[in-house]
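Data first, discussion second: the structure below is written as structure tokens.
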Amino acid sequence: MDMFHFGIVGALLPALILLSSSRPCRADSNANTGLQCSGADNSTTENEFQTNLKNLLDTLVLKGPVSDGFYKTETGKKANKVYGLVQCRGDMSAGNCANCTKDATAEALSKCPKSKEVSVWFTWCFLRYSNDSFFGIMEQGSVAITNDTDFDDPYAISKGLFFMGGLASTAPNQPRMFQTAVLDVGQSGKRYGVAQCSLDISRGDCGVCLDAQLASFRTTIGNKRWWETYGPSCFMWYHDYQFYFNISMPASEGSRRASSYGRVSIGVTIAMLALLVVV
Ligand SMILES: *[C@@H]1O[C@H](CO)[C@@H](O)[C@H](O)[C@H]1NC(C)=O
Ligand SMILES: *[C@@H]1O[C@H](CO)[C@@H](O)[C@H](O)[C@H]1NC(C)=O
Ligand SMILES: *[C@@H]1O[C@H](CO)[C@@H](O)[C@H](O)[C@H]1NC(C)=O
Ligand SMILES: *[C@@H]1O[C@H](CO)[C@@H](O)[C@H](O)[C@H]1NC(C)=O
Ligand SMILES: *[C@@H]1O[C@H](CO)[C@@H](O)[C@H](O)[C@H]1NC(C)=O
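Residue numbers for the sequence shown, in mature numbering (1 follows the signal peptide of the UniProt record, and there is no 0): -27 to -1, 1 to 252.
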């Protein structure tokens, strides 16, 4: 599995850690896909900030899963104020969203205990907090994950990016800025795509964010059988099997997350083949 980076824009984040971890080849399961932390700052460990951060994370873990998978909030005052949000992939059940949020929180605290600004990406959720207000500010810096030698066949390649470009243009108009789509590539089967934006940004910025990911990674992902992109403001997934859960009733409260079906999590540890950082 390779990871590619582009433009860590906006806030300067000195420390950047990319994690390669267990990834399923077929069945979708939750995997840790990345972590980004600001430099160690000892004042992070002071009581007041810690209390605010704990309250913030407790609230996100509690509210995110029961708020259709997205919640943002802030705690504390002045220098100790902290802002945070959690966004689960749009097809997640409340249970999966809760588990993922808990895992992301634990990951942030264990890997970056002295950072005031942390972003944690899992396949199923995204957690971000910062002492600086970031709500509503779209950021294009992203990571692409793919298998650099898993080339798709020419017909699928000729359709894939165009298909995802369509999703990038329509997902921003969906109620939750989340959309799935299926592409028929004849003898090669089907390709499944998902595009999603963090709900704190505008629909216009959502489109800009998704387009920017496709443009930046065009040559990296365009001829691959599968890929995923993760940024602070938007995310995309593209696979040759249906990795997302069926959603029965989009946009209706409660029942829209009827989703659990038996699943096997086949964790296949994939060594990171290469790491390319393009700024
Ligand atoms: C931060 O804390 C570490 C360990 O307690 C200490 O070694 C370091 O000097 C401190 N840095 C600053 C800038 O105070
Ligand atoms: C959440 O995690 C717990 C403990 O790992 C597990 O037993 C439970 O099945 C998970 N829930 C969902 C919905 O995945
Ligand atoms: C957030 O913390 C960083 C250091 O960790 C500091 O440079 C910055 O000024 C802080 N921002 C605010 C709004 O306090
Ligand atoms: C990447 O794809 C190639 C070609 O399909 C495959 O042989 C290889 O096992 C894959 N690598 C990983 C790490 O999954
Ligand atoms: C989702 O629903 C479609 C159509 O009903 C079905 O063919 C497919 O197997 C389902 N997929 C999953 C992952 O549940």
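All residues carry an ideal CB built from backbone N, CA and C; glycine is no exception.
Shown here for Asp178: same chain residues with a beta carbon closer than 6 Å to its own, the five before and five after excluded, namely Met111 in chain order. Asn25 has its Cβ no nearer than 7 Å to any heavy atom of ligand 3. With a contact defined as Cβ atoms closer than 8 Å, Ser83 and Gln9 miss out at about 15 Å. Within the region 1 to 81, the complete beta strand (DSSP E) runs of at least 3 residues fall at 5 to 10, 43 to 48, 55 to 61.
Under the criterion of beta carbons closer than 8 Å, Ser88 and Thr17 qualify as touching, at roughly 6 Å.
Here Ala188 is exposed: its Cβ has fewer than 16 other Cβ atoms, across all protein chains shown, within 10 Å.
Runs of the alpha helix (DSSP H) lying entirely within the region 140 to 181 and spanning at least 4 residues: none are present.
Sequence-distant partners of Glu90 (beyond 5 residues in either direction) whose C-beta falls short of 6 Å from its own C-beta, in its chain, are Ser11, Ser103. In the three-state reduction of the DSSP assignment, Met137 falls in the helix class. Annotated three-state conformation of Phe190 is helix, per DSSP. Gly49 sits away from Arg149, with the two beta carbons spaced by 8 Å or more. For Lys132, the secondary structure class from DSSP, reduced to helix, strand or coil, is helix. Counting only residues of its own chain and dropping the five nearest sequence neighbours on each side, Gly195 has a CB closer than 8 Å to the CB of Ile130, Gly133, Leu134. Note: Lys197 is bridge-paired with Phe124 in the DSSP secondary-structure output.
Shortest gap from the CB of Asn15 to any heavy atom of ligand 1: under 7 Å.
Per DSSP, Tyr211 is one residue of the beta strand (DSSP E) stretching across 207 to 212. Shortest gap from the CB of Asn196 to any heavy atom of ligand 4: 7 Å or more. Nearest in C-alpha terms to Tyr128, of all of Ala185, Phe216, Arg164, Asn72, is Arg164. 8 Å or more divides the Cβ of Gln23 from the Cβ of Gly42.
Buried is the label assigned to Phe216, since at least 16 other Cβ atoms lie within 10 Å of its Cβ. DSSP places Thr119 inside the beta strand (DSSP E), whose first and last residues are 115 to 119. The alpha-carbon of Gln113 is positioned some 7 Å away from that of Gln186. Between Ser175 and Leu140, the alpha-carbon positions lie close to 17 Å from each other.
In the structure shown, Ser92 adopts extended strand secondary structure according to DSSP, grouped into three states. In this model, Asp14 and Cys85 are separated by some 10 Å (Cα to Cα). Counting along the chain, Tyr217 sits inside no beta strand (DSSP E), nor does DSSP assign it H or E at all.
For Cys85, there is no enclosing beta strand (DSSP E), as DSSP marks it with neither H nor E. When Asn69, Gly57, Gly109, Gly166 are compared, the shortest CA-CA separation from Ser142 is found for Gly166.
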